[in-house]
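Numbering (the numbering used here), first residue to last: 131 to 855. Data first, discussion second: the structure below is written as structure tokens.
Set out below in structure tokens:
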């Protein structure tokens, strides 16, 4: 006897019979697990669901209670499996032997034929791709495929037909309102009308004329406007701003008409008096929109007297002590052990900290010392990094710095720059130099200072890449060289040093970071901050007399000085790099750096060698930055103006950094980003004010009706460039 159960309850017993009728009300029957074959992988089903057997023998298949396969069960006498319901149902009596009918869903129904005894229907599936015709019970070829559709009339008509469920005819299923039927490679689809057939309009960039096709669902290009034209209301017309050309507008131009198109804009204020805010000086009226949508984060002003404002340890002050009391001091020492006097950074160098250091390495240009007063050997200068550090310093950093800014002084006669790695610097200060004290003979001041060309630096983190340290050293070495050259005429009498020797502090910092960007170690670090926050640009800050003179300055001030120096250096010819940095020669840029170093202060020294005044070259500089965004977006006929260009940036194939301006994310070492670092602010997000001597970069789209702009501030120029997407 076989026992069947439903929900663990015994329902009926089969007494030697070949089939068993489940107990009334049971939704499924499961044989005794001992009699059920193992579950079939991939045969998952819904427990208790039923279907007709694929053998078409009138039996039913029932899903196991565990949902892991099917078991077969013959329908009782007088019943057969209905393919529509998947259950055993009574057989119609009195059917005509040999007659046929369709059983199942239309389009997939099986053909059933009345048995010879006229008491049951036997399934006889249609051959091949044929389907059962419910009207005759015959197997016929289908008229269409399931899901097939077609357009019944022309391309502008909504009439559409789809294949009927039985696949023997098409039925009318028109497209919804404002849609038309459009043929496709697989049939048809309903598409919303975009336009009226034959209507003309402009492309989104206003460079082409488009016409609506006969279906009203797409636009086709029928004309591309010339470079001196723009599309307006479906017609190419002369543009007030030819494609790719820079157009400069000032307050004296009054209202200025702007033709349709996409524009990159920079608003430039050339006021050098201060960095106070003025009302935003550019006004637009007309068909204005944003070609892009970007949210901008503003950099909060920070006082540079706060160490947190200093990134990577750029020093806040390098002022020399003002009081002069000749007295005996430390003598030069070339031995392997030396006592250094580290200027206490917190007091501006008016106090020093004696430290005992050991010489770790001596090269052609530098000597590396390690402070071992409280640290064991190898703690501040790990043995694992020393060889690579010396290679970078002696074969790249120092030679390239000297090629750009010249030789340093050599007051101690050792012909080298001494770098002390110590553990007494504040955490916020990674490195600094103090030439206004260390270049003077021992005994000059009341405080004991080191004598010579000295750089003080934090100990090296063994887990950090060596190129970080070598990049930082390139900045400090360059600053040391420039300041030593400016101090050299006054070394015999420190009281004769004029105030301008240490003037234009952010321009000097910019020069040092310029050298950093050409060292091939990484890139000019401060520039990324300046470019990410162009609203912090300020001409007045460039000529600040000290780090503490401008309470609104912040890290972007360092980077802005770097950008200006990069531009002026590049305008003079920069450096010529070949063979991936193996060969670097002066291309004319050194003459500018020498002129800057020799000049006294202010705009008499901060200008290109061709003599352009700040009101001119600053607009050229801003235009050059704007054009970084438009690489490949100008007209092929656009002539390049050397006054609005930066030098190219080259990868150093040996040291892994870059040689040249840091303007794109591709030139930031280890960055995964791409494109220009600075972004164009959508017009809708432009600020209510901007700084005097500042910059504001914009993205503007002018529509069919055009626009009118006006500059309201005398010291302001708006530079517009119409471009391709």
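The beta-carbon is built from N, C-alpha and C at its ideal position, and this holds for glycine as well.
- Apart from the 5 residues on each side of it in sequence, residue 247 has no Cβ closer than 6 Å to any other Cβ in its chain.
- In this structure the stretch 249-261 lies against the stretch 173-191, because at least three pairs of beta carbons, one per stretch, are closer than 8 Å.
- Residue pairing by DSSP puts residue 850 in a beta bridge opposite 377, 395.
- In this structure, DSSP gives residue 838 an extended state, which the three-state scheme calls strand.
- Measuring C-alpha to C-alpha distances from residue 265 to each of 389, 241, 825 identifies 241 as the nearest.
- By the 16-neighbour rule on beta-carbons within 10 angstroms, residue 604 is buried.
- Under DSSP, residue 548 forms a beta bridge with 497, 584.
- Taking the Cα of residue 572 as reference, the smallest distance to any Cα among 565, 566, 262, 581 is reached at 581.
- Between residue 495 and residue 524, the C-beta gap is smaller than 7 Å, which places the two residues in contact.
- DSSP lists 840 as the beta-bridge partner residues of residue 413.
- Contact between residue 779 and residue 790 holds, since their C-beta atoms are separated by about 3 Å, short of 8 Å.
- Looking at the DSSP output, residue 362 sits in a beta bridge with 365.
- Residue 831 is positioned such that its CB atom lies closer than 7 Å to that of residue 419.
- In the three-state DSSP reduction, residue 699 falls in the helix class (H, G or I).
- Between the stretch 696-704 and the stretch 721-728 there are three or more inter-stretch CB-CB distances shorter than 8 Å, so the stretches are counted as touching.
- The alpha carbon of residue 564 has as its nearest neighbour, out of 511, 488, 473, 485, the alpha carbon of 473.
- Residue 338 and residue 326 have their C-alpha atoms spaced approximately 18 Å apart.
- Using a 10 angstroms sphere on the CB of residue 413, the tally of other CB atoms stays under 16, which defines it as exposed.
- Cβ-Cβ distances below 7 Å link residue 777 to 700, 704, 790, 791 in the same chain, with the five nearest sequence neighbours on each side left out; the list follows chain order.
- Contact between residue 839 and residue 388 holds: their C-beta atoms lie close to 6 Å from each other, under 8 Å.
- Inter-residue distance for residue 567 and residue 481 is about 11 Å (C-alpha atoms, whole angstroms).
- A residue is called buried when at least 16 other Cβ atoms come within 10 angstroms of its Cβ; residue 351 does not meet this threshold and is exposed.
- The beta carbon of residue 294 sits closer than 7 Å to those of 300, 301, all from its chain and outside the five residues before and after it, given in chain order.
- The three-state reading of DSSP puts residue 619 in helix, counting H, G and I together.
- Distance check between residue 322 and each of 334, 349, 340 places 349 closest, using alpha-carbon atoms only.
- Using a Cβ distance threshold of 7 Å, residue 421 and residue 833 do not count as a contacting pair.
- Straight through space, the alpha carbons of residue 712 and residue 759 are spaced by roughly 30 Å.
- Within its own chain, the residues whose Cβ lies closer than 8 Å to the Cβ of residue 183, once the five positions on either side in sequence are excluded, are 189, 190, 191, 202, 211, listed in chain order.
- Put simply, the stretch 632-645 touches the stretch 655-675. At least three CB pairs are less than 8 Å apart.
- By the CB criterion at 7 Å, residue 620 and residue 614 fall outside the cutoff.
- Rounded to the nearest angstrom, the Cβ distance from residue 650 to residue 493 is 17 Å, too far for a contact under 8 Å.
- Membership of residue 312 in the beta strand (DSSP E) is indicated by the continuous run 309-314.
- Residues 357 of the same chain have their beta carbon placed closer than 6 Å to that of residue 767, with the five preceding and five following residues left out of the count.
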